[in-house]
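Worksheet for the structure shown next.
Number of protein chains: 2
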Amino acid sequence: MKWLVNIAARDKLTQTVKIVLVDDHSILLDGLKKLIEEDDMLSVVDAVGNVPDAIRAIDKHKPDLVITDYNLGPDDGLSLVQKSKRLFPDMKFIVLSMHDEAHLVKEILKEGVNGYVLKKDTKEELLEAIYAVRGGKMYMSTEINAMLVKSLYEPEEGKLLTAREREILKLIAQEYSNKMIAEELFISERTVETHRKNIFRKTKTGSLVGLIKFAYANNLI
Amino acid sequence: MKWLVNIAARDKLTQTVKIVLVDDHSILLDGLKKLIEEDDMLSVVDAVGNVPDAIRAIDKHKPDLVITDYNLGPDDGLSLVQKSKRLFPDMKFIVLSMHDEAHLVKEILKEGVNGYVLKKDTKEELLEAIYAVRGGKMYMSTEINAMLVKSLYEPEEGKLLTAREREILKLIAQEYSNKMIAEELFISERTVETHRKNIFRKTKTGSLVGLIKFAYANNLI
DNA sequence: TTTCGAATACCCACCAGAGGGTATTTTTTA
DNA sequence: TAAAAAATACCCTCTGGTGGGTATTCGAAA
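If you're matching them up, the sequences are chains A and B in order.
Under my numbering, the residues of the first sequence are numbered 7 to 227, in order.
Under my numbering, the residues of the second sequence are numbered 7 to 227, in order.
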């Protein structure tokens, strides 16, 4: 045990933890693997770069847990979690993401992932997460925890926009005009205008540009 | 030598290559370090997460080369290269980026970096790059090379927008109105309108939304 | 059962920006 | 040094979206 990390759960393990890594950046994948395998109680049984390969790897190796990036090219880590949970309901997941937006984090946690660690966190936090999750607990990195607690005081934050409003925002972000949106959703152009106004009010963005940036930041695009 | 990589330049080295790593994601930094130090001719003398720390580390350790991420929080890898080149003109740089947009790559190469490797490339390419750059050569990963060659056939691609136009696009993306941009740059509102039209024409985006997405895709925001 | 949020819809005034030009000066490149 | 590219500037038209309202229906919580 090389690292000076206080991980209580570690000592209870009698056999190595089998891990599947998912990240679409090959170099990071290799680095992460090296990092994890420094600890000889942990074993990376497969490291893949996309969702289909990940599903196959999980099916083949039946790992103890899956550590996945959130941004995975065409589809995302969320869809990997969703698909896997259907096929292997007891599979454990740690999401390793660069996003710390409250809204996004909450959405991911709702999918039932067991841990959430930021890429800018330390490797120690990742190890803590691995052992906690292996031991049947959940683990949020310090920063994520702080963020979640903080968001308790701003209850609106999470569900700012209604489903309908988000639908319309997505269309706006796809360069639809009000007229086109109205036709698409079989509603009046007036209604679209109203929704649009509400979206502006709620997001506190005064311009289209700000709105698009909001949509980006909240991963609606 | 554990890896089966054919690196001619490696055998000529008589002493280890001192490397400074720069990446704002702590976990990746650790992983990268492990990856590189697998090769015992390579030594990571420092690993930091932002531009000021990087400058200090370079000054202190006088490394043989610096491997830096492109996205570094507030400032970017480009500004690191620029600042460092002023202070240490002979310092060698490899940019490790997730961006493969022709426009962006060319801009980075213009700064005089010695290597460009994508995060989705293999670790072997990174090693090739390190040894090539150490040996005084330049190194572009296979994918980057292919992209550069391809862009030869589409001469417009690379320098789509002029410096001024990009300046204005950035302001547009910062929610400036035409009037505000005019005041900011000490030019007439009419001129801003003209630039704006040219930007739309060149980017082939019909709407503000498309423009903002272009700006995102080309890392102007 | 009442109240509240969400979705629907309409009206009007106003203007910033899209879209169409043309033209001059400066800088870069051939 | 001539030609091309970039930056500057002005004019006109017109529409789409912004910002200000108000109001009805409907389902869900209280």
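We treat Cβ as the ideally placed atom computed from N, Cα and C, and that holds for glycine.
Could you tell me which chain A residues have their CB closer than 9 Å to the CB of residue i, listed as they occur along the chain?
i, result
"B/Thr128", "Ser32, Ile33, Asp36"
Contact criterion: CB-CB distance below 9 Å. Does residue i meet it with respect to chain B?
i, result
"A/Tyr222", "yes"
"A/Val123", "yes"
"A/Glu190", "no"
"A/Ile187", "no"
"A/Lys208", "no"
"A/Ile64", "no"
"A/Lys4", "Because chain A spans 7 through 227 in this model, residue 4 of chain A falls outside it and cannot be assessed."
"A/Ile205", "no"
"A/Ile227", "yes"
"A/Leu167", "no"
Using a Cβ cut-off of 9 Å, pull out every chain B residue sitting near residue i, in sequence order please.
i, result
"A/Met146", "Within 9 Å Cβ-Cβ: nothing; A/Met146 doesn't reach chain B, min ~15 Å."
"A/Glu44", "Lys40"
"A/Ile136", "Ordered by position in chain B, no residue passes the 9 Å Cβ test against A/Ile136, which lies about 12 Å from the chain."
With distance defined between alpha-carbon atoms, name the residue in the options nearest to residue i.
i, options, result
"B/Lys126", "A/Arg207, A/Ile178, A/Glu113, A/Gly37", "A/Gly37"
"A/Phe220", "B/Ile205, B/Gln180, B/Ser49, B/Thr128", "B/Gln180"
"B/Lys5", "B/Glu149, B/Val72, B/Asp81", "Residue 5 of chain B lies beyond the stretch modelled for chain B, which goes from 7 to 227, so this question has no answer here."
"B/Lys24", "B/Met153, B/Val51, B/Gly118, B/Leu35", "B/Val51"
"A/Leu84", "A/Met153, A/Asp106, A/Glu130, A/Leu115", "A/Leu115"
"A/Asp45", "A/Tyr137, A/Ser147, A/Thr74, A/Lys66", "A/Tyr137"
"B/Gln88", "B/Met146, B/Thr22, B/Glu117, B/Glu43", "B/Glu117"
"A/Ser147", "A/His105, A/Ile178, A/Leu35", "A/His105"
"A/Tyr182", "A/Gln21, A/Arg202, A/Thr22, A/Ile150", "A/Arg202"
"A/Leu154", "A/Lys176, A/Leu86, A/Leu110, A/Gly55", "A/Leu110"
"A/Ile150", "A/Ala135, A/Pro69, A/Ser32", "A/Ala135"
"B/Asp70", "B/Glu107, B/Asn224, B/Asp96", "B/Asp96"
"B/Asn120", "B/Glu130, B/Val101, B/Lys129, B/Glu113", "B/Val101"
"B/Ile205", "B/Asp75, B/Lys185, B/Leu175", "B/Leu175"
"A/Asp29", "A/His67, A/Tyr76, A/Asp65", "A/Tyr76"
"B/Val54", "B/Met47, B/Lys66, B/Leu48", "B/Lys66"
"A/Leu78", "A/Lys68, A/Ala108, A/Glu43, A/Leu34", "A/Leu34"
"B/Ser49", "B/Arg140, B/Tyr122, B/Ile61, B/Glu113", "B/Arg140"
"A/Val57", "A/Lys40, A/Val26, A/Glu43, A/Met47", "A/Val26"
Can you look up residue i in the DSSP assignment and give me helix, strand or coil?
i, result
"A/Ala221", "helix"
"A/Leu226", "coil"
"A/Gly164", "Because the pLDDT at A/Gly164 is just 47, under 50, the model does not fix this residue reliably, and the value given afterwards should be weighed accordingly. In the structure shown, A/Gly164 sits in a helix (DSSP, three-state: H, G or I)."
"B/Ile187", "helix"
"B/Asn151", "helix"
"B/Asp106", "coil"
"B/Asp82", "strand"
Of all the CB atoms in chain A, is at least one closer than 9 Å to the CB of residue i?
i, result
"B/Met104", "yes"
"B/Ser49", "no"
"B/Leu214", "yes"
"B/Lys24", "no"
"B/Ala152", "no"
"B/Ile61", "no"
"B/Gly55", "yes"
"B/Ile174", "no"
"B/Glu162", "Only weak support is given to the placement of B/Glu162: the predicted model assigns it a pLDDT of 45, under 50, and the value that follows is read from those uncertain coordinates. By this cut-off, B/Glu162 is not an interface position."
In terms of residues, what are the limits of the beta strand (DSSP E) holding residue i?
i, result
"A/Leu276", "As shown, chain A starts at 7 and ends at 227. That puts residue 276 of chain A outside it, with no answer to give."
"A/Lys98", "98-103"
"B/Tyr122", "121-124"
"B/Asp75", "71-75"
Under 8 Å between beta-carbons, which chain A residues line up against residue i? List them in chain order, please.
i, result
"B/Ile100", "The premise fails here: B/Ile100 is roughly 12 Å from chain A at the closest Cβ pair, so nothing lies under 8 Å."
"B/Ile114", "Under the 8 Å cutoff, chain A gives no residues; its nearest Cβ is about 17 Å from B/Ile114."
So which residues on chain B does residue i lean against when the C-beta distance must stay under 7 Å?
i, result
"A/Ala179", "Val215"
Between which two residues does the alpha helix (DSSP H) holding residue i run?
i, result
"B/Asp52", "Run containing B/Asp52: none in the alpha helix (DSSP H); it sits in the beta strand (DSSP E), 48-54."
"B/Thr209", "195-209"
"B/Asp65", "57-67"
"B/Lys36", "Per the sequence shown, residue 36 of chain B should be read as Asp rather than Lys. From DSSP, the alpha helix (DSSP H) with B/Asp36 extends over 32-43."
"A/Lys129", "129-140"
"B/Glu171", "169-179"
Going along chain B, which residues have a C-beta under 8 Å from residue i?
i, result
"A/Leu132", "Ile33"
The ligand MN and residue i: does any heavy atom of the ligand fall closer than 8 Å to the residue's C-beta?
i, result
"A/Val57", "With respect to the ligand MN, the structure shown offers nothing to examine, as it has no ligands at all."
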